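Worksheet for the structure shown next.
Numbering (my numbering), first residue to last: 1248 to 1512.
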């Protein structure tokens, strides 16, 4: 009996194996079908690659055209800028607060072209550690405005010009974080005396400028080294409000006041 059961189980297993083999054999495609599918997949991949390559070439050509257009627009802006801003700041006395001496020569030239007189330039660099305290910033403001003859610390003298009253001040970044408390107090003191304070940075120093200017409630530009940024800066010094430039947080490229200039305003 045991042997018979064993043989029955063996025969059943063999039968099941044969049935499964026949099923799998009929379900799987033949070599010709597999080869055909492979060729279809390869053809699809080649078509997709060619399409992506064509799109990449078109995008490169478009980017090159945009770069040429930007260069042309910048050149036109440089040519038109002196005419556009001529006498917009006529008679206005301005001070510059800069990271280091000589870093804002182009900015000073912009103000001069617009008719402003740059009375003094104060370099933050040597005083960064001292300006870590708010009181030092307030004392520096009073000294720069010639409201006191006492320098807040030894060597606190403008890099260009002499302490003198001004109607406007441009804070040119980037701003050292160590000096932020003192510079904030300096700006507050100037604004408390109805002096217009504008923040400005070059396109390479946009990072965090908006947050800092917003914290100090300053209007500003983040592309002061371009013709558009220079025009926006002049408009802000003339009374426009807001933050302008290339940053996503900017209100636009130019204050509406600049459009009025173009219409003879």
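For every residue, glycine included, the Cβ atom is placed at its ideal position computed from N, Cα and C. Because the structure is a prediction, the values reported are computed rather than measured.
Please say whether residue j and residue i have beta carbons closer to each other than 8 Å?
i, j, result
"residue 1443", "residue 1414", "yes"
"residue 1501", "residue 1475", "yes"
"residue 1447", "residue 1467", "yes"
"residue 1354", "residue 1369", "no"
"residue 1383", "residue 1399", "yes"
"residue 1451", "residue 1469", "no"
"residue 1422", "residue 1445", "no"
"residue 1419", "residue 1481", "no"
"residue 1497", "residue 1431", "no"
"residue 1362", "residue 1397", "no"
Which whole-angstrom value is the C-beta distance of residue i and residue j, which I expect to be below 8 Å?
i, j, result
"residue 1488", "residue 1336", "Their Cβ separation, rounded to whole angstroms, is 16 Å, which puts residue 1488 and residue 1336 out of contact at 8 Å."
"residue 1331", "residue 1508", "6 Å"
"residue 1357", "residue 1477", "5 Å"
"residue 1348", "residue 1379", "With 8 Å as the limit, residue 1348 and residue 1379 do not qualify as a contact, their Cβ atoms being about 20 Å apart."
"residue 1513", "residue 1436", "Shown here, the chain extends from 1248 to 1512; a query on residue 1513 therefore has no answer."
"residue 1449", "residue 1471", "6 Å"
"residue 1403", "residue 1388", "Actually they are not in contact, since the Cβ atoms of residue 1403 and residue 1388 sit about 11 Å apart, beyond 8 Å."
So, is residue i buried or exposed, given that buried needs 16 or more other C-beta atoms within 10 angstroms?
i, result
"residue 1441", "exposed"
"residue 1329", "exposed"
"residue 1458", "exposed"
"residue 1460", "buried"
"residue 1326", "exposed"
"residue 1433", "buried"
"residue 1315", "exposed"
"residue 1405", "buried"
"residue 1424", "exposed"
"residue 1366", "buried"
"residue 1292", "exposed"
"residue 1465", "buried"
"residue 1483", "buried"
"residue 1255", "Only weak support is given to the placement of residue 1255: the predicted model assigns it a pLDDT of 49, under 50, and the value that follows is read from those uncertain coordinates. Exposed: under 16 other Cβ atoms inside 10 Å."
"residue 1360", "buried"
Based on the DSSP output, what are the partners of residue i in its beta bridges?
i, result
"residue 1419", "1447"
"residue 1466", "1445"
"residue 1407", "1368"
"residue 1340", "1364"
"residue 1330", "Answer by DSSP bridge pairing: none, since residue 1330 is not bridged."
"residue 1491", "1468 and 1499"
"residue 1345", "1370"
Between residue i and the ligand MN, is there a pair consisting of the residue's CB and a ligand heavy atom that are separated by less than 7 Å?
i, result
"residue 1470", "Within the structure as shown, the ligand MN is missing, as the structure has no ligands at all."
task: Examine the Cβ distances between the region 1489 to 1496 and the region 1368 to 1381 and report whether three or more of them are shorter than 8 Å.
output: no
query: Below 8 Å, can you find three or more Cβ-Cβ pairs linking the region 1333 to 1348 to the region 1404 to 1414?
result: yes
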